[in-house]
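What follows is one structure encoded as structure tokens, with my remarks underneath.
Numbering (this note's numbering), first residue to last: 4 to 246.
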């Protein structure tokens, strides 16, 4: 059901910017037929009947079009939405490897999945800018919280608010039900792989090289909850050297 809802969402975007022909009509009919199979699901009914939830999905979908490292030429390019999914998957796998409880695995996964969600309101402000002025990073975080309060929480049920705040505010802090430091490790690893793949594909860039060195130094001789991040980075570097 989720697959066909998002397929329709993507199709509607394409139909607004492309010339409609007989293929469009055929695809549209196919999507409609598939969606009918899932109309009886309570979750589908809830989404279909709520304009606010549809707006929330539309806003989240914008992260597909926001580029990571937007100030640099990269191959492949990475969307913020794609980055969030990778961080979520890493967070879950690492949580599973550490023997975390089901609740912690779920919270770690969803923290990874939503940790950059506020960027849909502020855009991807590059790290050099955040670090260029003392206190700017904190101001940006405060602004993100304010914008989330004004524009996002009014679109979702109140019972979701506590969870979304957990996933988007102080998202890298360790709590009794979430391993924020592990999610941060996953976030940094995803960033490393993004830079690593660009260099592997022949794009030479000093900023990316410096980012790799900085992350390697950060995780040298470091484990998080038994996950040896230095070993993971060393494995990637070894593969790059072989190639």
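For each residue, glycine too, the CB sits at the ideal point set by N, CA and C.
Worksheet item: Taking all protein chains shown into account, do 16 or more other C-beta atoms lie within 10 angstroms of the C-beta of residue 118, making it buried, or fewer, making it exposed?
Response: Per the 10 Å Cβ criterion, buried.
Worksheet item: residue 72: buried (16+ other C-beta within 10 angstroms of its C-beta) or exposed?
Response: Around the beta carbon of residue 72, a 10 Å sphere encloses 16 or more other beta carbons of the protein chains shown; the residue is thus reported as buried.
Worksheet entry | Reduced DSSP category for residue 107 - H, G, I as helix; E, B as strand; rest coil | Reduced to three states, the DSSP call for residue 107 is helix.
Practice prompt. Kindly provide the ranges of any alpha helix (DSSP H) runs that are 4 or more residues long and lie completely inside the segment 50-119, ordered along the chain.
Written response: For the segment 50-119, whole alpha helix (DSSP H) runs of length 4 or above, ordered along the chain, are 54-64, 83-101 and 105-117.
Practice prompt. Might you give, ordered along the chain, the residues of its own chain that have their beta carbon closer than 6 Å to the beta carbon of residue 4, omitting 5 neighbours on each side?
Written response: For residue 4, where only same-chain residues beyond five positions count, the Cβ hits under 6 Å are 41, 44 and 47.
Worksheet entry | Boundaries of the alpha helix (DSSP H) in which residue 214 is found, first to last residue | If you look at residue 214, you'll find it in the alpha helix (DSSP H) that goes 209-221.
Discussion item. Let me confirm a value: residue 245 is counted as buried when at least 16 other C-beta atoms fall within 10 Å, else exposed. Which label applies?
Written reply: With a pLDDT of 49 at residue 245, under the threshold of 50, the modelled position of this residue cannot be trusted, and the question is left open.
Worksheet item: Looking only at DSSP bridge pairs, what is residue 230 linked to?
Response: Residue 230 pairs with 227.
Practice prompt. For the alpha helix (DSSP H) holding residue 144, just list the boundary residues, first then last.
Written response: If you look at residue 144, you'll find it in the alpha helix (DSSP H) that goes 139-154.
Worksheet item: Three-state secondary structure (DSSP) at residue 20?
Response: In the three-state DSSP reduction, residue 20 falls in the helix class (H, G or I).
Worksheet item: Which residues in the same chain have their Cβ closer than 6 Å to the Cβ of residue 59, if we skip the five residues on either side of it in sequence?
Response: So the list reads 158 and 159, once near-sequence residues are dropped.
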